[in-house]
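In the UniProt record's numbering, the protein residues as written are 1 to 551.
Data first, discussion second: the structure below is written as structure tokens.
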Amino acid sequence: MVLECAVDGHLRNYLENHILAWHDKINLAYQLASAVLCLHDEGIIHCDLHSNNILVNQRKVKIADFGLSKRIEESNESLNIIGVIPYLDPIMFNNLFLRSGLNDSVYSLDEKSDVYSVGVLLWEIYSGQPPFHGKSYDKELALQILDGLREAHIPNTPVDYLHLYSKCWDGDPYKRPHIGEVVQVLKGMISEKEDDNDNIEYKLIDEDLLGFPYSDLLNLPDPGFLDLHVPNDFIVDLKISDKISMIIMSFINITNEGKTRDQRRPVLKNCLLTYNVTLEEFNEWLNNNSTIDIVDPNHLFFLGYLNYSGIDTTLNSDDAFKYFKKASSYQHPAAQYYLGICYEYGIGTKEKKSNAFYWYRQAAHNGHAIAQYYIGNYFQFGVDKQYNKAFKNYQLSANGGFSFGLNMLGYCYSKGIGTFVDKSTAFNLYFKAANMDNCTAQYNVAVCFYEGIGTDEDIEKAIEWYKKSASNGYDRARIKLAGLSLLESEEKEIETKQKIIQHWNLNYGLFLDGSSIQPSKKPVLDENGNLDISICVLIFQSLKSLIKLIL
């Protein structure tokens, strides 16, 4: 295999310098798996796949460094362990510890060893972080991996993708899929993505992101409940600890979307039902795992959030802060976001705005959609106005599934903030956010229908969306509906008076001198039978004067 000049460097460097959309990640993963399949088709196993020997050249993946590569039929020979521990098949640690007297079984490497490495790399591509970032790659870590330790799942990971890399890094090589199966599954995910007509394409953002806290956006309402598309056979095969992990993942996804506390409670119960976990089993797990010594950042964040919000536990600000801080050290974006909240408002710690700013920025850099939305607001409304950066951060937030990010991205297109004016795109973005139950976006959709902005004018649809927005608590929609109702009442009143006049073919009389009515021979209806509005105005004015006289 010929090594080409890689403009973008190795994969580790590429992931550090780019914030990738899902379609970019899945394409990288597919290319990587396909390259490994080519090796295996030639009877070669690599044995040392990691993100520092995979090159990226104009978004094309190339595999380098074949120092450990062996023909499959030669792989029974003992190999020196070279490379980075988190990527290596744990059976290599068995062989290492055999020499240390800790084990009594020798294992040989095969294609499934590369599949294990691919699983770790799939996780790294999605997370953007090296595995076990911040931990020493030493014998202790190797032993933990051998005992089953794996990286924590990243919030918002598509279930099929998560299920795939979890199979790849299974400790039992016989349970790992063939690399050809990995390629086919990834190819299927790409096809599904291309068929999604609602998908919005976003460009890569190479520059560092900045963050800024906004206290009025801490508890934003957002979309409807999570729809958990998890195969039943997959659920049955899971242990209780694995089920709890999946529940935590689902709950974190909901938290990242910006649901209010009241919305999150039924979501948790829905997750328990979906994964066939009773409340007793869940509480037992909490009692057995409520310790700061946990190494899974998702579990740490979840425990922090339970103490922060009081969902099925007692509010404990001090414990919430401790769990958030520990999870943040593992680069957990949601934990970093809530740690910023703790510092901003003195929850479980002393109030310190500079620390809050730092952790909001870290959360945004690690892909937290709400934090990215705050950044967009900072650059649009703050002292340091930079509309291009505001637009780009709204893009990232929208791509992360945050409905307020979608709504503000639509606003940018509507007003030409950081981009060109495109009313049609603005309407489509509003509409997508509105279907996520965002009351502000629902109001904007109503305005678009009412005034024909970016779509055809449709008063009935406008009223329908005003009602949806109002029912979700948006005051401007309620005021608008009240105005429309008043207008409708006035129109009905005029219509009723017109029917009376037309039915009786009345003439009009003017109450001119303040004491008597001066009759007229002139009919109110014109020669075509239509109401003469100019005369009716005089009639109604006279009626008002008559009423005053009577009273």
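Idealized CB from N, CA, C, for every residue including glycine.
Since the model is a prediction, treat every value here as computed from it, not as a measurement.
DSSP-derived helix/strand/coil call for residue i
i	result
ILE44	strand
VAL447	helix
residue 567	Given that the chain is displayed from residue 1 to residue 551, the structure contains no residue 567 and the question cannot be resolved.
HIS163	helix
HIS10	strand
VAL56	strand
ASP198	Because the pLDDT of ASP198 is 38, which lies under 50, any placement of that residue in the model is unreliable, and the question is left without a value.
SER516	Note that SER516 has pLDDT 46, beneath the 50 cutoff, so the model's placement of it is unreliable and no number is given.
LYS135	coil
VAL61	strand
GLU151	coil
VAL277	coil
GLY83	In this prediction, GLY83 has a pLDDT of 48, which is less than 50 and means its spatial position is unreliable; nothing more can be read from the coordinates.
LYS243	helix
GLY483	helix
LEU315	coil
ARG176	coil
ASP110	coil
GLY340	helix
ASP170	coil
ASN17	helix
HIS332	coil
GLU284	helix
GLN129	coil
ASP89	coil
PRO158	coil
TYR474	coil
LYS352	coil
CA nearest to the CA of residue i, picked from the options
i	options	result
ILE44	TYR87, SER34, ASP110 and TYR137	ASP110
TYR126	LEU268, ASN428, TRP22 and LYS325	TRP22
ASP170	ILE91, GLY382 and TYR275	ILE91
TYR308	ASN270, TYR275 and THR349	THR349
ASN288	THR425, LYS415, ASN276 and LEU303	LEU303
LEU186	ASN52, PRO173, ASP172 and PRO158	PRO158
ASP296	ARG478, ASN428 and SER245	SER245
PRO333	TYR360, ASP318 and ASN355	TYR360
TRP465	ILE479, ASP318, PHE449 and GLY405	PHE449
SER397	ALA390, GLY405 and PHE391	GLY405
SER108	ASP89, PHE420 and TYR358	ASP89
LYS461	GLN442, GLU42, TYR87 and SER34	GLN442
SER166	LYS432, ILE341, LEU121 and TYR378	LEU121
LYS25	LYS175, ASN298, MET189 and ILE479	MET189
CYS168	SER191, GLN129 and TYR87	TYR87
ARG59	LEU20, ASP384, GLU42 and LYS385	LEU20
MET436	SER191, TYR378, ALA477 and LYS468	LYS468
Rounded Cβ spacing between residue i and residue j (contact assumed at less than 8 Å)
i	j	result
ASN438	SER403	4 Å
PRO155	ASN253	6 Å
ALA470	LEU481	6 Å
GLU151	PRO177	That pair is no contact at about 19 Å.
HIS46	ILE63	7 Å
THR424	GLY454	In the sequence under discussion, the amino acid at residue 424 is Ser, which differs from the Thr named in the question. Confirmed, Cβ separation roughly 5 Å.
ILE417	GLN380	7 Å
TYR137	VAL84	6 Å
ILE347	ALA320	7 Å
LYS325	LEU339	6 Å
LYS112	PRO173	4 Å
LEU301	ALA335	Before going on, a small fix: residue 301 reads as Phe here, not Leu. About 4 Å; that satisfies the 8 Å criterion.
Cβ-Cβ distance between residue i and residue j below 8 Å
i	j	result
GLY180	LEU273	no
GLN331	HIS153	no
LEU55	HIS18	no
TYR430	CYS412	no
ALA363	TYR323	no
GLU140	LEU15	no
GLY400	ALA446	no
GLY367	MET408	no
CYS271	SER241	no
LEU32	VAL118	yes
TYR275	ILE247	yes
LEU28	VAL61	yes
TYR345	ASN355	no
ALA433	SER414	no
ASN57	ARG12	no
* **In chain order, each alpha helix (DSSP H) run of at least 4 residues that lies wholly inside the segment 376-439** => Qualifying alpha helix (DSSP H) stretches, in chain order: 387-399, 403-415 and 423-434.
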